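Worksheet for the structure shown next.
Protein chains: 2
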Amino acid sequence: MKNFLTPISSIALILLCPLSFAQEQKSLAEKLGYAPETKLLIIHADDIGLAQSVNEASIRAYEKKGISSGSIMVPCPWTNDFARYYREHPQVDVGIHLTLTAEWDYYKWGGISPAGEISSLLDENGYFYASVEEVGQHAKADEVEKEIRAQIERALALGINPSHLDTHMGSVLAKPEFVQIYMKLGMEYKLPVFAPRMILMGMPEKMREMAESEFVLVDRFFMLNEATPGVSWMDLYRVMIEKMGPGLNQLIVHLAIDNKEMQGVAINHPAFGSKWRQNDLDLLISKEFQELLKEHQIQLVGWKEIKEVL
Amino acid sequence: MKNFLTPISSIALILLCPLSFAQEQKSLAEKLGYAPETKLLIIHADDIGLAQSVNEASIRAYEKKGISSGSIMVPCPWTNDFARYYREHPQVDVGIHLTLTAEWDYYKWGGISPAGEISSLLDENGYFYASVEEVGQHAKADEVEKEIRAQIERALALGINPSHLDTHMGSVLAKPEFVQIYMKLGMEYKLPVFAPRMILMGMPEKMREMAESEFVLVDRFFMLNEATPGVSWMDLYRVMIEKMGPGLNQLIVHLAIDNKEMQGVAINHPAFGSKWRQNDLDLLISKEFQELLKEHQIQLVGWKEIKEVL
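As given, the protein sequences belong to chains A and B, one line each in that order.
Quick note on numbering: the first sequence equals residues 1 to 310 in this note's numbering.
Quick note on numbering: the second sequence equals residues 1 to 310 in this note's numbering.
So, in structure tokens, the structure goes:
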């Protein structure tokens, strides 16, 4: 077992949501109408809007109930395509995957704000930087705010009623002042947001206090970071499912159809690449995985439902 | 026959190239080493860089000698992918498909210049307008120049040695002052450019004189504008091939693999859509089409060869 425990993230997470919720005595499970000790699980597809292949796979997973939530990368080329689907299926649980990076080698994008107004976020070609480290080095807080606010406003203009905010590659968590903006926008738009606990621990004390008083820690999230040769996808995920406990769990998945488009996007990146994403999709919609969830008495929930009870 | 003659454009074209060439007595065919009455034909793939599907189809057509030239849309998401291929295959004949429009419903792009510097080219979301008419209504000449110059410079920076300039949907031909910029940039970068004769006829006299003295009319181009139910793709193209005469002919084609990506890009647009583009590809690389060219003693040439003899 040890062999394939290492590649799996199991990081305690801060689920940030308004104070009103923190002050309630009822557990989240109870607020959602479940027994207090229920193992709630959000299965969350990242990167919607990235490519046609990702939209198609995410829609398939939504429709087969393989995922209970997802989030969209507003600056990416296939955002308008997903928004069209969403307008025809407004019950879909989709948040905004706030994006400040463009990590692929040959498939790039920049911000949606005028480049001259967010120049600290962009490389010499007008694309976002590839890494969170570069965002941390170059980005100015006011330009981060301008761009992520524009992404939220664009999603609203496209007719999307977002269920939550999260952030692509954790880029909005690159610096404490960005985290502060992120929390502020979550409150302003009345949207739940989240961040790994480790980020909060690196925060200046005042800010941490604010975060701790305004928001409430919910539980843990899980994400496959590395495949292990010889170990089946199901076995990699089984370990995570087995580790889920009462309260709110989140499993982050990366979906796509393994085709030329996704292979081109993810060239040179086997991790989170085209085959990887097809494996995630195949697993989530498999009978075996559905049965595994049942066997462990796991209750799927979405951000949308959580937002509604806050 | 009449039924399927109507949908085919057969427009006399101005191929703009430097005066030095115009003053030569030798025909283009002779300069290229062919007999003076040779029917030269450029088979030209538009829209490279638009989508993975388009890049894959264009590369297949280059490698099977189904096309002799093509041009790349620098602002589109798959430009860097094609540039990677080009750097490994620098013999490929590719020009720059100067782009000022984004015509698809849900798959959009803007310019590569900072939006604040080309605001007359962009809609409220920062995308190019969908139609040439809107470009004509809104675009300021200095911003057109800034953006198309940026597209040329970006292609050069990506390691592309362009064979020529042309323009997506004719958008750079929307107004005489834009045509002037287009010609000026062709001269500055020593690249052949072209425009339909009808554009030159609408030009102010002085400009037309300049164009006529600086550049030389070469011949005709052909492009399928509309499919005709019940008429095979081969029959539609046969009519065009039969109309080609001595001198320089250009056939513009639109290639893609008919898949979900291209179907998503071209949703609601059967003309120049996904199936259409697959038909073009299948036709060009078919034995029957290759034999048709032989039968009509047509000699394929590229813009690259023409540029070299100018």
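Using N, Cα and C, we set each Cβ at its ideal position, and we do this for glycine too.
Quantities reported herein were computed from a predicted structural model and do not represent experimental measurements.
Partners in chain A for residue i, counting only beta-carbon separations shorter than 9 Å
i	result
B/Arg84	Asp105, Tyr106, Ile267
B/Glu188	In chain order: nothing, as chain A lies at least about 22 Å away.
Which of helix, strand or coil DSSP assigns to residue i
i	result
A/Gly247	strand
B/Gly95	strand
A/Asp123	coil
A/Asp47	strand
A/His89	coil
B/Tyr237	helix
B/Gln297	coil
A/Met187	helix
B/Met73	coil
B/Lys64	coil
A/His254	strand
A/Thr167	strand
B/Tyr129	strand
B/Leu32	coil
A/Lys307	helix
A/Thr79	helix
Nearest neighbour of residue i, chosen from the options [CA to CA]
i	options	result
A/His44	A/Gln250, A/Ile148, A/Gly33	A/Gln250
B/Leu335	B/Ser69, B/Arg84, B/Ala57, B/Gln137	Outside the displayed range of chain B (1 to 310) lies residue 335 of chain B, so it cannot be described from this structure.
A/Glu188	A/Gln299, A/Ser232, A/Ile152, A/Trp233	A/Ile152
B/Ile298	B/Ala61, B/Gly247, B/Ser119, B/Ser232	B/Gly247
A/Val239	A/Arg60, A/Ala115, A/Glu63, A/Leu292	A/Leu292
A/Leu300	A/Trp104, A/Ile241, A/Leu255	A/Ile241
A/Gln91	A/Pro162, A/Gly230, A/Val193, A/Val231	A/Pro162
A/Ser171	A/Pro192, A/Gly126, A/Ala115, A/Ala102	A/Ala102
B/Pro270	B/Lys304, B/Ala61, B/Thr228, B/Asp282	B/Thr228
B/Lys108	B/Ile96, B/Phe128, B/Gly230	B/Phe128
A/Ala256	A/Leu158, A/Asp46, A/Ser120	A/Asp46
B/Val193	B/Lys26, B/Val253, B/Ile59, B/Lys304	B/Lys304
B/Leu284	B/Leu236, B/Gln263, B/Ile306, B/Gly264	B/Leu236
B/Asn259	B/Met244, B/Lys275, B/Gly245, B/Asn268	B/Lys275
B/Leu224	B/Lys243, B/Gly230, B/Met244, B/Val253	B/Val253
Alpha carbon of residue i to alpha carbon of residue j, nearest angstrom
i	j	result
A/Glu145	A/Met183	11 Å
A/Glu205	A/Phe178	15 Å
A/Ser286	A/Asp93	21 Å
B/Arg149	B/Ile48	18 Å
A/Lys294	B/Tyr85	48 Å
A/Gly302	A/His89	15 Å
B/Lys39	B/Met73	29 Å
A/Glu209	A/Gln180	12 Å
A/Asp81	B/Tyr34	49 Å
B/Gly273	A/Ala141	43 Å
B/Pro176	B/Glu134	15 Å
A/Phe221	A/Leu310	20 Å
B/Leu281	A/Gly264	20 Å
B/Arg87	A/Ser53	26 Å
A/Asn55	A/Lys65	15 Å
B/Gly70	A/His97	36 Å
Neighbour flag for residue i against chain E, beta carbons, 9 Å
i	result
B/Gln52	The structure shown has no chain E; the protein chains it does contain are A and B.
Per-residue burial, residue i [other beta carbons within 10 Å of its own, 16 or more giving buried]
i	result
A/Leu156	exposed
B/Gln23	With a pLDDT of 48 at B/Gln23, under the threshold of 50, the predicted position of this residue should be treated as unreliable, though the coordinate-derived value follows. Exposed, since its Cβ has fewer than 16 Cβ neighbours within 10 Å.
B/Pro36	exposed
A/Glu63	exposed
A/Ser232	exposed
B/Glu288	exposed
B/Arg277	buried
B/Gly95	buried
Residue i: contacting residues in chain B (beta-carbon distance under 8 Å)
i	result
A/Glu133	None at all; the shortest Cβ gap to chain B is about 21 Å.
A/Gly116	Pro114, Ala115, Gly116, Glu117
Within chain A, the residues that residue i reaches when beta carbons sit closer than 7 Å
i	result
B/Ile112	Gly126
B/Gly264	Gln52, Asp81
Interface partners of residue i on chain A, CB under 8 Å
i	result
B/Pro192	Those do not exist, as B/Pro192 stays about 27 Å from chain A at its closest Cβ, beyond 8 Å.
B/Pro77	Pro77, Tyr107, Lys108, Trp109
Chain B contact residues for residue i, given Cβ-Cβ distances below 7 Å
i	result
A/Lys260	Gln52, Glu56
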